[in-house]
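Heads up: the sequence shown runs through residues 7 to 222, numbered per the working numbering. For every residue, glycine included, the Cβ atom is placed at its ideal position computed from N, Cα and C. Because the structure is a prediction, the values reported are computed rather than measured.
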Amino acid sequence: MSFSQEEKRKRVYEIFFILNDEYPKAGPLLNHKNPFELMVATILAAQCTDERVNSITPELFSKYPGPEEMSAAELSDLERIIKSTGFFKNKAQSLRGASQAIVEKFGGRFPNTLEDLVSLPGVGRKTANVVLGNCYGQPAIIVDTHMKRVSGRLGLSTAKDPDKIEMELNDIIEEKDQTRFSHVVNFHGRYVCQAKKPLCGRCKIERLCLYPTKTF
């Protein structure tokens, strides 16, 4: 089933109002004190649980509290600290590379625009939007695995590419609601609309689901 843009707008806000009431405390689960720490934690969270990331970032940020310190880190030491998050060699390269770019390109000041953030090694649109939405209060559609799955099941976007999903949702959600919408959808996908065994009996928006067999 396909919907017109106007139908999608009405549909997305019906969903948003319900989920906003259902998850009043929805928000970032990665522990952080500043934009740099959230960027680092989000990079580490790829293919890893937030809980695991939160277990290793205290040591990481104690030793490397900012881009200047992390830009000078030995890769072997970064790898040791973050090893349990998986793909640690690539992640260590991204962390040090992004830190070096912040120091060299931006004089050590953390970027606050999408264009500048995605210019950093290892930082894609999702990571950039996580930082912009949560630390700078900028409009941000955060397309993670939960957003992709839930928006597909609800008929808000059938795209497979995260960037296209972001653009489609951007067209139907007002800027002032985008970050909050991302948070409540993340929580719904995390705790109810799960990938393999969705808890449909607990779902407040099941009547709006286009995939009742949950094969999507």
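Problem set entry | C-alpha distance - I21 paired with P41, whole-angstrom precision | 29 Å
Exercise. With a cut-off of 8 Å, does the C-beta of G161 fall near any C-beta of chain D?
Worked result: No chain D appears in this structure, which consists of one protein chain only.
Problem set entry | Coil, strand or helix - N140 by DSSP | helix
Problem set entry | Separation of V137 from K39, as counted between CA atoms | 12 Å
For this session: Flag this pair as yes or no: are the beta carbons of L126 and L216 separated by less than 8 Å?
Result: no
Problem set entry | Helix, strand or coil at A32 according to DSSP, with G and I counted as helix | coil
Exercise. By DSSP, does S10 sit in helix, in strand, or in coil?
Worked result: coil
For this session: Please report the residue range of the alpha helix (DSSP H) in which Q200 lies.
Result: Premise fails: Q200 is in no alpha helix (DSSP H) and is neither H nor E.
For this session: Check L84 in the structure and name its three-state DSSP category.
Result: It is helical.
Exercise. The alpha helix (DSSP H) spanning V109 covers which residue range?
Worked result: F94 to F112
Exercise. Are there 16 or more other CB atoms within 10 angstroms of the CB of E74, so buried, or fewer, so exposed?
Worked result: exposed
For this session: Could you tell me whether the segment 74 to 84 touches the segment 98 to 118, where touching means 3 or more Cβ pairs closer than 8 Å?
Result: yes
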